[in-house]
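Step one of this worksheet: look at the structure below.
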């Protein structure tokens, strides 16, 4: 176990370092810069700004400076949001996205797992077909379609739900639903196929031959085995969902991290791009470790090496 | 002698598939006396396992009983509800399966899986169930039962797992143990051990055993009686001696010809049974074995033979055995 932890931490450090490096140089290869705005600033002002943030130095020197800072926990100032550090920005936006994302993953699991199982148990019958049609829609429809249709239907037509902001619990419903739809559909499909697989296993027959009822053998013997692929999927998916979706945040006017990430790319806010990328990479790696540990807890055959 | 633990009468069972009705069992009649070991022999698809599963009410979808009656230990199995069946399963009748590698749930400990049936069918507490599980493991010849209880199936060998399966099956001291090809997936030395274990447990616990196999060698040493099945029908049934020394059905004779003999000096070639098994979707009118039978007659293609009693225990369904009936049919068939 200790060996596993040490190995994972080392691997994580290398991965994050590579991600940071690649992002840094890719960013610089993109034409444009943070201070080339539509309202063209005078050349002197541009030069002064570049000098202030060290952008006038050669790329290698900039890279060295940034990485040294990052290693000491200093992710420097935002280039565009005056006076705010990148850490502050992430700290203020991430909780909003995480709350939405976390809730929507919970809902996706709470609906996807039972629906997938129900579909598997009713293979070929109308209930299975209905669930699969919905799940296929969930995978096929892009999130902006779900968002706008939901907004139009429940916000504009029925006037049941507010369409922007996050000021009351009601405000959460549409964004959460829009975020949850795709993972929910995906989990349903995963769950259905793995459940079908498990139902055919010999140990299910053994369980029944002991005299266990159908539901008991399902809950005890099938579910735990069938849920493994879902765990694999949910780990990384959780990392992406927690960091927010640009589309959903833009449509529902939510000041989350997803929107921030994309707008920082548009404005070439180099430090914010770096900060959020490193943050996402760390979160992803962390989630993968969590998945490994949960996997080990569910299936004793897995060995963490 | 007359009391029967299991009595299957004219059981008919079909699988209703999209391709049509697959007639898996056609008029199966069998009985088992208390304390007896019955071997059911036949090739794949002959209905051996289907017969056994239907006895436990575990017929797989889309199979359905279409006729006949099954009695077991005073229960009328085919009239019972699923809930009533659950009380019998694992309690009065248990089963061990072919492949011990896949028959145990990989994510639960051995102890958990043995305990399950005990807790379900008896009023034992968790602690008592644990003690009983240890006792069972010792009974099936597993050392250090306390340690094994905490292990997972993947930590045990194939032979050990089959022993665990037997322990699970015996948890509630069943009247009948069904062994569905219990040794097919094991290597030869382990096979012998497992069969020996089953026989010794039979003596200790005074139960009946049904052994399903396609290996005549397995049944020869263990069984009191043997039923030979072909195309969902018992074609011949008799004591082990009768089946081996006076086989009367052409299919049984064919099976016996295809066993290698270690002791014979001149190494004769094995004689396989020619042809392929019948299509259960489209059963012939007459004897299902007719097309592969070396002594097939006209009547065999037209009419199903009835059972001819050859002794108290021995009966067989073949036209060659009953001249009188055959002549009568022959005349009828010709006119």
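Protein chains in written order, with this note's numbering: chain A, 163 to 467; chain B, 793 to 1127. All C-beta atoms, glycine included, are put in the ideal place defined by N, C-alpha and C.
| Item | Value |
| --- | --- |
| Cβ-based contacts, 9 Å cut-off: residues of the region 364 to 376 of chain A near chain C | Judged by its chain identifiers, the structure shown contains no chain C, and its protein chains are A and B. |
| Nearest neighbour of residue 956 of chain B, chosen from B/1039, B/880, B/903, B/871 [CA to CA] | B/903 |
| Identity of the residue in A/262, A/172, A/327 nearest residue 338 of chain A by Cα | A/262 |
| DSSP-derived helix/strand/coil call for residue 912 of chain B | helix |
| Three-state secondary structure assigned by DSSP to residue 215 of chain A | coil |
| C-alpha gap between residue 439 of chain A and residue 182 of chain A, whole angstroms | 7 Å |
| Endpoints, alpha helix (DSSP H) assigned at residue 360 of chain A | 331 to 361 |
| Inter-stretch contact (C-beta, 8 Å, three-pair minimum) for the region 850 to 865 of chain B and the region 1027 to 1034 of chain B | no |
| Residue 1041 of chain B vs residue 1026 of chain B beta-carbon contact at 7 Å | no |
| Sequence-distant residues of its chain with Cβ nearer than 6 Å to residue 360 of chain A (five each side left out) | 384, 387, 388 |
| Assigned exposure category for residue 803 of chain B - 16 Cβ within 10 Å defines buried | buried |
| Within chain A, the residues that residue 978 of chain B reaches when beta carbons sit closer than 7 Å | What residue 978 of chain B touches in chain A: nothing, since even the nearest Cβ is about 15 Å away. |
| Cβ contact (3+ pairs, closer than 8 Å) linking the region 879 to 895 of chain B and the region 924 to 936 of chain B | no |
| Chain A contacts made by the region 839 to 861 of chain B, where a contact means CB separation under 7 Å | 848, 850 |
| Buried or exposed (CB count within 10 angstroms, at least 16 for buried), residue 964 of chain B | buried |
| Interface residues of chain B facing residue 460 of chain A [CB-CB closer than 8 Å] | 899 |
| Alpha-carbon spacing of residue 174 of chain A relative to residue 351 of chain A, whole angstroms | 31 Å |
| Beta-carbon neighbours of residue 386 of chain A, restricted to chain B and to distances below 9 Å | 897, 899, 900 |
| Chain B contact for residue 463 of chain A (CB, 7 Å cutoff) | yes |
| Exposed unless 16 or more other CB atoms sit within 10 angstroms - verdict on residue 336 of chain A | buried |
| Length of the line joining the Cα atoms of residue 317 of chain A and residue 343 of chain A | 18 Å |
| Inter-residue Cα distance where the pair is residue 428 of chain A and residue 245 of chain A | 20 Å |
| Per DSSP, cross-strand counterpart(s) of residue 833 of chain B | B/1005, B/1020 |
| Residue nearest to residue 411 of chain A in terms of C-alpha spacing, selected from A/372, A/327, A/331, A/373 | A/327 |
| Test: residue 234 of chain A CB closer than 7 Å to a CB of chain B | no |
| Rounded C-alpha distance that separates residue 1064 of chain B from residue 280 of chain A | 48 Å |
| For residue 820 of chain B, the residue or residues it bridges with in DSSP | B/803 |
| Element boundaries [beta strand (DSSP E), containing residue 861 of chain B] | 855 to 864 |
| Nearest-angstrom Cα separation, counted from residue 196 of chain A out to residue 190 of chain A | 11 Å |
| For residue 457 of chain A, the three-state DSSP class (helix, strand or coil) | helix |
| Start and end residues, alpha helix (DSSP H) containing residue 168 of chain A | 164 to 191 |
| Continuous alpha helix (DSSP H) stretch holding residue 380 of chain A: start and end | Counting along the chain, residue 380 of chain A falls outside any alpha helix (DSSP H), and DSSP gives it neither H nor E. |
| Bounding residues of the alpha helix (DSSP H) (the contiguous stretch that carries residue 1099 of chain B) | Premise fails: residue 1099 of chain B lies in the beta strand (DSSP E), 1099 to 1101, not in any alpha helix (DSSP H). |
| Neighbour-count burial assignment, residue 828 of chain B, 16 or more Cβ in a 10 Å radius | buried |
| Residue-chain proximity (residue 887 of chain B, chain A), Cβ-Cβ < 7 Å | yes |
| Chain B residues whose Cβ lies nearer than 7 Å to that of residue 383 of chain A | 897 |
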